[in-house]
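Position 102 (the sequence shown) corresponds to 102 in full-length UniProt numbering; numbering is contiguous.
Ideal placement from N, C-alpha and C gives every residue a C-beta, glycine not left out.
For clarity, every value in this text was computed on a predicted model and none was experimentally measured.
Working notes, structure below.
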Amino acid sequence: MAIPTESNEPVTQHPMNPSSSGSGPDAEDGLGSAYPEPPPTKAPDLIKAEKGDLDAIHQVPATDDLECADTTTKEAALNHPAGLDDVLTRTIHVVDDPTLPSITIRSVFLGVGFSVFGGVLSGIYYFKPQTVTLTPVLLAILSYIVGEAMATIIPRKGRVGRLLNPHPFNKKEHLAVTIMANAASTSALGIEIISAERLYYGKRIGGAISIFLLLSSQFIGYGIAGLMRRTLIFPKKMVWPSNIPVNAMFETLHGGNSNPRKSLRVFMFVFAGIFLWEIVPQWICPILTGVSIFCLANQHSTTFTYLFGGTNGNEGLGLFSLCFDWQQISAGTSPLYFPLSSLISQGLGICGCIIVFSAVFYSNTWNAKNYPFLGQVILSDTSTPGNATQWNQTAAINSDGHINHAAVAELGLPVFPASNVLNLILTNLTIAAALTHVFLWMPKETLRALSFLDPRRLRHINRFPQAVRTSFQQANKHDEYQDDYDPHYVLSLAYKACPDWWYGVVLLLSVVVGLVLIYESDSSLPWWGFFIAIAMGYVLIITLGILQASTGVRFTIQSVVQMVGGYIHPGRPVANMWFSLYGYNALGQGVLLSQDLKLAQYGHLAPRVAFAAQVLGTIIGAIFNYIMANSIIDNQREILLSIEGTNIWSGNQVQQFNAQAVTFGGLSHQLFSIGGQYQWVTLIMLPGFLAPVPLWLAHKKWPQLHLDRINTAVVAFYLCYLNVGVNSSIMMFFLLGFASQWWVRRRYPELFVDYNYLISAALDAGTSVIVFILSFAVFGAAGDSVNFPKYWGNNLDGNYDRCQYAN
Numbered sequence: 001m002a003i004p005t006e007s008n009e010p011v012t013q014h015p016m017n018p019s020s021s022g023s024g025p026d027a028e029d030g031l032g033s034a035y036p037e038p039p040p041t042k043a044p045d046l047i048k049a050e051k052g053d054l055d056a057i058h059q060v061p062a063t064d065d066l067e068c069a070d071t072t073t074k075e076a077a078l079n080h081p082a083g084l085d086d087v088l089t090r091t092i093h094v095v096d097d098p099t100l101p102s103i104t105i106r107s108v109f110l111g112v113g114f115s116v117f118g119g120v121l122s123g124i125y126y127f128k129p130q131t132v133t134l135t136p137v138l139l140a141i142l143s144y145i146v147g148e149a150m151a152t153i154i155p156r157k158g159r160v161g162r163l164l165n166p167h168p169f170n171k172k173e174h175l176a177v178t179i180m181a182n183a184a185s186t187s188a189l190g191i192e193i194i195s196a197e198r199l200y201y202g203k204r205i206g207g208a209i210s211i212f213l214l215l216s217s218q219f220i221g222y223g224i225a226g227l228m229r230r231t232l233i234f235p236k237k238m239v240w241p242s243n244i245p246v247n248a249m250f251e252t253l254h255g256g257n258s259n260p261r262k263s264l265r266v267f268m269f270v271f272a273g274i275f276l277w278e279i280v281p282q283w284i285c286p287i288l289t290g291v292s293i294f295c296l297a298n299q300h301s302t303t304f305t306y307l308f309g310g311t312n313g314n315e316g317l318g319l320f321s322l323c324f325d326w327q328q329i330s331a332g333t334s335p336l337y338f339p340l341s342s343l344i345s346q347g348l349g350i351c352g353c354i355i356v357f358s359a360v361f362y363s364n365t366w367n368a369k370n371y372p373f374l375g376q377v378i379l380s381d382t383s384t385p386g387n388a389t390q391w392n393q394t395a396a397i398n399s400d401g402h403i404n405h406a407a408v409a410e411l412g413l414p415v416f417p418a419s420n421v422l423n424l425i426l427t428n429l430t431i432a433a434a435l436t437h438v439f440l441w442m443p444k445e446t447l448r449a450l451s452f453l454d455p456r457r458l459r460h461i462n463r464f465p466q467a468v469r470t471s472f473q474q475a476n477k478h479d480e481y482q483d484d485y486d487p488h489y490v491l492s493l494a495y496k497a498c499p500d501w502w503y504g505v506v507l508l509l510s511v512v513v514g515l516v517l518i519y520e521s522d523s524s525l526p527w528w529g530f531f532i533a534i535a536m537g538y539v540l541i542i543t544l545g546i547l548q549a550s551t552g553v554r555f556t557i558q559s560v561v562q563m564v565g566g567y568i569h570p571g572r573p574v575a576n577m578w579f580s581l582y583g584y585n586a587l588g589q590g591v592l593l594s595q596d597l598k599l600a601q602y603g604h605l606a607p608r609v610a611f612a613a614q615v616l617g618t619i620i621g622a623i624f625n626y627i628m629a630n631s632i633i634d635n636q637r638e639i640l641l642s643i644e645g646t647n648i649w650s651g652n653q654v655q656q657f658n659a660q661a662v663t664f665g666g667l668s669h670q671l672f673s674i675g676g677q678y679q680w681v682t683l684i685m686l687p688g689f690l691a692p693v694p695l696w697l698a699h700k701k702w703p704q705l706h707l708d709r710i711n712t713a714v715v716a717f718y719l720c721y722l723n724v725g726v727n728s729s730i731m732m733f734f735l736l737g738f739a740s741q742w743w744v745r746r747r748y749p750e751l752f753v754d755y756n757y758l759i760s761a762a763l764d765a766g767t768s769v770i771v772f773i774l775s776f777a778v779f780g781a782a783g784d785s786v787n788f789p790k791y792w793g794n795n796l797d798g799n800y801d802r803c804q805y806a807n
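Right, dumping it as structure tokens:
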């Protein structure tokens, strides 16, 4: 790779080689976050990693023309054990133009505007009966339309024109806008506490405390994730597969592909086709969400409903259903981007899930037949088959937020549907297996998560910052991990690094603010519990962040965090909510922000720009989340407290969060300890820690079996994957995933590289836009819903797939 010096003479050494010129006043690496390579003082028109550099980092054949490569080369290039190694340099091109400005008046205006847009809508959608998420693809498409319109309409003549519209809307402006808006569009989980305390405890947290609560809980995760960039962002193993379609779309929209016109035509054709098609399964003919031959053959069997149904929430397991609705097939996780190894592990888990759920229910384990087959509500033990009654959690909690044990004795302990118990058991199994799996298979990545504590980076701290900077530059002249780094990271060395101490300050300030808040708000969470929550979030970010980055699987484990908090603070539901906020929210936000940092690295956005965009977007999103939540609670309080809600507003997410805080936070010892009805929720941790060991040992003895492609933690997670939601799409998900990652990838490698991820992005983009429009037009997001007239393809009186409705 050639990076010019001030005299424009190329530097031929590898940019991470210690012999390269990299010690200078501009090579800012703060607390060792960057590696000694100064940004060019006079940027070239184009910087790219050359073949020699990619081979050294990437360790796969660097053939420009796969068609000319022999069979062995093709297999090495596109069937590498890591799954996506070669795709990272062929789908997302390792070429950068550092002269493209990312911070302009236009990008700041659009970034702030779409951050407000995302913060408002995510705050509204939290209280909606239907789930609509603002995905990065949707935000990217909307911002591209507005950005291009501004570049076309605003004149470029004159001082004002040159200021507002200095050049065409470019990729880096677009990327900065998307990252800022995406940071704002994730509903801050602190809204759960603000809402639950107002609705169920009659306590209104002050405005300043609420805002700082939201910001501190999110920035704790962000600070931790920032300090883990060497683990979660820089390495080539940390692929973050969901980013590949998004970056492929950016390259297509901004002409970065080798054949931009053809790629753009393909993208627009697929976008338009799915945009028009999704109106059919989403509104006109919902039976296409899941065509079940078995249910059509027998519409009066509850067993058939449980096994083969799945078009409606909590209906059934969706076995052999055929789904023609991309919204349900993808649901934000397109099957086209998962590595083959991840799909194999997921598929094994799903097969096990169908067997385990059916066996437990029909064997009547935990009196399963007295309760719904699938369900998340907390029920009374007086429930009977077909007549399940909810547990009266309001009567069981005192005004101070503590459990009323006398009331619990009268009501009886709450119970769960068997599927929910299995979800808790298998989620705990997942966490235990994940810890062991990461330690066994990725020890280097695990240790790297603590590298910011390297003593070489902590010397001379009393002479901060100049002596610290000099010391760290010397310490980093040779980085032991440099051979593992993503080739796209090499290009980021052309920009000033975002130092570790920036993220450290964010983390420290957030911890201090959080510590003050837990006392000012009477949370009943002690300071030591607060630090245990943060430590738990840190460990989970290391473990589950590495797994999501390498497999693409999003792990949801909030209930387990709440259960741990319940054991630490028994009988305190409110303290449990705060423990979950600083434990699970740190994990969720840290992983999301890490994913966006990788998105910025793939798009070659300057690290400091990415940092500023995420911080500003998070602040804007939290403020508008709070404003919308308070407004909705003020005006819709009674509806949010009702079980049914309306087709416009619903408090189901707050209800579920509060119910889990009551059961896990208030009654963990009674429900989950040894001797309790659900004792295996905790006991499963012991075999869980051992679960990955046999596969690891077998792979060491018989590597030719490729057992390293089976991820025990992913298998365990998918063993309970069908416990909630619409499940009719699962079979089509795997059919499309294996067709893409196995058949097309092996038979037509060039076609796969050029169009697989582009088509995935186009499908998600077109679907996101039309579902967003339909949500306001006919689904009741802004008023009354409008149903399409009833006919055989739109069964308004029961399940869309015409399975028997089972209460």
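Is residue i near residue j, with beta carbons less than 8 angstroms apart?
i	j	result
A622	A188	yes
S334	G290	no
I620	G310	no
P155	P241	no
A600	L175	yes
S143	S185	no
I233	T91	no
A661	N576	yes
A183	T618	yes
F416	L447	no
I534	V512	no
residue 818	S650	The displayed coordinates of the chain run from 1 to 807. Any statement about residue 818 would go beyond what the structure contains.
H604	L491	yes
L719	V137	no
Going by C-alpha to C-alpha distance, which of the options sits closest to residue i?
i	options	result
S580	S594, V513 and F664	F664
I684	G651, L641 and I431	I431
G565	L547, Y201, V591 and G666	G666
S383	H569, L413, I403 and V360	L413
residue 824	D634, V615, K369 and L758	What is shown of the chain runs 1 to 807, which leaves residue 824 out entirely.
V553	N182, I534, G675 and S345	S345
G537	N585, Y503 and L493	N585
V693	G793, N711 and Y678	N711
N364	L641, A395, T389 and V421	V421
G113	V94, G147, P573 and A409	G147
L163	L592, S210, F109 and G386	F109
C285	D801, S521, Q804 and N794	N794
If you follow the alpha helix (DSSP H) that residue i is part of, which residue opens it and which one closes it?
i	result
M577	P573 to Y602
N428	A418 to W441
P692	P692 to K701
C803	Looking at the DSSP string, C803 is not in any alpha helix (DSSP H), and its letter there is neither H nor E.
E197	G190 to Y200
N635	P607 to L641
L100	Neither: L100 is in no alpha helix (DSSP H) and is coded neither H nor E.
D784	Run containing D784: none; DSSP gives neither H nor E here.
A739	Where A739 is concerned, there is no enclosing alpha helix (DSSP H), given that its DSSP letter is neither H nor E.
Y144	P136 to I153
C353	L340 to Y362
P260	P260 to W277
S673	Unbroken run through S673: none, as it is neither H nor E.
D764	Y757 to A777
P526	Taken as a continuous stretch (DSSP letters only), P526 belongs to no alpha helix (DSSP H), as it is neither H nor E.
Which one or two residues does DSSP pair with residue i in a beta bridge?
i	result
L379	Q390 and V415
L322	V291
P235	Y485
T384	N387
N794	Y791
I403	I397
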